[in-house]
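Single-structure report; data block below.
Numbering (my numbering), first residue to last: 42 to 127.
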């Protein structure tokens with residue numbers, strides 16, 4: 042009824058195709074966000090908690106790397122002849 046009529050009218054209005062561009066976001070938007078976060082961080086609290094921060098960063102990265110390697114290796118073995126094993 043009214044919604045259909047409104048949709049029919051709006052369909053004739055020129056519009057621009059808006060889409061998300063990940064490359065633009067990474068190159069233009071992320072650096073100022075990270076820079077602002079670095080300026081506004083509580084430095085005393087950061088220095089007080091540097092050991093757990095680094096432990097989570099290093100151990101988390103190693104665990105994620107090992108899990109990813111395990112999944113890729115087992116996945117290629119499971120697929121057999123379709124893929125070469127690493």
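Glycine included, every Cβ here is placed at the ideal spot set by N, Cα and C.
Whole angstroms are fine: how far does the CA of residue 77 sit from the CA of residue 101? The alpha-carbon atoms of residue 101 and residue 77 are separated by roughly 25 Å.
Bounding residues of the alpha helix (DSSP H) (the contiguous stretch that carries residue 55): For residue 55, there is no enclosing alpha helix (DSSP H), as DSSP marks it with neither H nor E.
Does residue 66 come out as helix, strand or coil in the three-state DSSP assignment? In the structure shown, residue 66 sits in a helix (DSSP, three-state: H, G or I).
Could you give the DSSP three-state label for residue 61: helix, strand or coil? Note: residue 61 maps to coil in three-state DSSP.
Ends of the alpha helix (DSSP H) at residue 80? Boundaries of the alpha helix (DSSP H) around residue 80: 71 to 81.
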